[in-house]
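Chemist: This is the structure, below, for whatever I ask next.
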Amino acid sequence: MNGIKTAIGTKEDISTAVAIIKGGGVVAFPTETVYGLGANAFSEEAVKEIFKAKGRPSDNPLIVHIPSVNWLNLVAKNVPDIALKLFKKFSPGALALVLEKSDNIPEIVTAGLPTVAVRIPKHDIALKLIEECGVPISAPSANISGLVSPTKASHVFADFNGKIPLILDGGDSEVGIESTVLDLTKNPPIILRPGAITADMLLKVLPKVLTHKGEVLIAQSPGMKYKHYSPKCEAVSATLFSVALNEYKKALNNGKSPVIIWCNPQGAEGAEVINLGGNAGECMHNLFAVLREAEVKYNYIILQYFEESEREFTALNNRIIKAVNGVVLRA
Ligand code: TXA
Ligand code: MG
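Take any residue in the sequence shown, note its place counting from 1, add 47, and you have its number in my numbering.
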């Protein structure tokens, strides 16, 4: 403790917080992810106070918070269009984008990196605070380095009582874990820290993303999510011919008129069977024509699913699984 009396304020005290930050001081404030420990991001001296208070290693860069995309060029340069698209979809919100740093941002903020992480927090108090300060606010989570991140003003008080002048209380942090950090200076963009904005959500905007585990995820082409390749009648798939025959007999007993579509069918036991082809190429060539033929003559299709097969069957399986709406019968 260094003897400062730590006040807990509300949104009524934003003007006090603004005065502290304009004077080069540090204030804790609420965001929807976790509470932040903020200072003027343009001031090296002020940002030093954050590192001091947290006991944060100087090689760990801080996130810079702005109230809207209109401020982006104050903190970053050569901002790619994709950053604007991402912010448009996910901001204000739990997404910090790593961009090329503007010369306005002192090196202490970015730990000497040429890049800066930028976030637009989704909390009235945070947004008002930054706007009224008129400068971007760099803020790490408001905990002593290495301790648990704070989601209540009381958590911040426990760590910083006597060390900072003011904690603005904005209630419990809605999200509760820190933002997703996405590095847009890499291709494909990399999720450096996973958060509430998930890879799948990012793939609605990005064609590709590298996860924090090193997996490359690719957006599905828009058409993939719609139902495709569906015959007009009921259809299922089976991995073994014996399974297909069983299903055939059941369907017959239920008064349906079934057909089995198979590659090189053997031992049909009198069942109606259409040969799909003798190899992957032939099966691919025939698939749609055979489905169209079958849906006219029959009302229940049992289609081969090439489960344990070589890669040459991958595309075929992809169409088959859609045609049968994911229904695979196994032994
Ligand atoms: O949700 C959040 O992001 C919270 C609230 C207060 O906004 N802030 C937060 O800050 O979690 P902090 O300092 O606890 O975590 C920032 C993370 C660190 O993992 C840091 O290494 C990374 O962001 N980071 C910051 N700038 C970066 C940069 N230029 N390049 C790569 N990573 C960066
Ligand atoms: Mg932290």
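Quick reminder that beta carbons are idealized off the backbone N, C-alpha and C, glycines included. What you are looking at is a predicted structure, and each value in this text was computed from that prediction instead of being measured.
Cα separation between Asn151 and Leu250?
Modeler: 31 Å
Chemist: Which value, in whole angstroms, describes the spacing of the CA atoms of Ile307 and Val263?
Modeler: If you take the alpha carbons of Ile307 and Val263, they lie about 38 Å apart.
Chemist: DSSP three-state call for Thr162: helix, strand or coil?
Modeler: Residue state, collapsed to three classes: strand.
Chemist: Taking 6 Å as the line, does the beta carbon of Ser188 fall inside it for any heavy atom of the ligand MG?
Modeler: yes
Chemist: DSSP three-state label for Ser149, please.
Modeler: coil
Chemist: The ligand TXA and Ser226: does the residue's C-beta get closer than 6 Å to at least one heavy atom of that ligand?
Modeler: Answer for Ser226: yes, Cβ within range of the ligand TXA.
Chemist: Are the stretch 216–232 and the stretch 111–123 touching, with three or more C-beta to C-beta distances below 8 Å?
Modeler: no
Chemist: CB of Leu160 to nearest heavy atom of the ligand TXA: below 6 Å?
Modeler: Judged by the Cβ position, Leu160 qualifies as a neighbour of the ligand TXA at the 6 Å threshold, a heavy atom of the ligand being closer than this.
Chemist: So for Asp60, helix, strand or coil by DSSP?
Modeler: helix
Chemist: Just curious, the beta strand (DSSP E) that Asn322 is in, first and last residue?
Modeler: Val320 to Gly324
Chemist: Check whether the stretch 285–302 and the stretch 345–354 touch, using three or more Cβ-Cβ pairs below 8 Å as the test.
Modeler: yes
Chemist: Can you list, in chain order, the stretches of the beta strand (DSSP E) that have 3 or more residues and sit fully within the stretch 153–224?
Modeler: 162–166 and 213–215, all fully within the stretch 153–224.
Chemist: Please go through the same chain and pick out, in chain order, the residues whose beta-carbon is closer than 7 Å to the beta-carbon of Pro312, but skip the five residues on each side of it.
Modeler: Phe288, Val320 and Asn322
Chemist: Could you tell me the distance, in whole angstroms, from the CA atom of Pro212 to the CA atom of Lys101?
Modeler: 14 Å
Chemist: Starting from Val228, trace the alpha helix (DSSP H) in both directions and tell me its first and last residue.
Modeler: Where Val228 is concerned, there is no enclosing alpha helix (DSSP H), although the beta strand (DSSP E) it sits in stretches over Thr227 to Asp230.
Chemist: Quick test of your reading: Tyr276 and Ala189, contact by CB under 8 Å. State the CB separation rounded to the nearest angstrom.
Modeler: That pair is no contact at about 53 Å.
Chemist: Considering just the uninterrupted stretch of the alpha helix (DSSP H) at Tyr295, what are its terminal residues?
Modeler: Phe288 to Asn300
Chemist: Assuming contact is defined by CB atoms lying nearer than 7 Å, are Ile113 and Ile167 in contact in what I supplied?
Modeler: yes
Chemist: Report all residues from its chain with a CB closer than 6 Å to the CB of Met48; omit the five preceding and five following residues, and keep chain order.
Modeler: Caution is warranted here: a pLDDT of 45 is assigned to Met48, below 50, making its placement in the model unreliable, and no coordinate value can be reported.
Chemist: For the alpha helix (DSSP H) containing His332, list its first residue and its last residue.
Modeler: Ala327 to Lys344
Chemist: Return the bridge partner residues of Pro305 from the DSSP annotation.
Modeler: Tyr347
Chemist: Three-state secondary structure (DSSP) at Met48?
Modeler: No answer about Met48 holds up, because its pLDDT of 45 lies below 50 and its placement is not dependable.
Chemist: The alpha helix (DSSP H) with Arg366 in it runs from where to where?
Modeler: In the DSSP assignment, Arg366 falls within the unbroken alpha helix (DSSP H) covering Thr361 to Ala370.
Chemist: Which of the three DSSP states, helix, strand or coil, is assigned to Val122?
Modeler: helix
Chemist: Using three-state DSSP, classify Asn117 as helix, strand or coil.
Modeler: DSSP places Asn117 in helix when its eight states are reduced to three.
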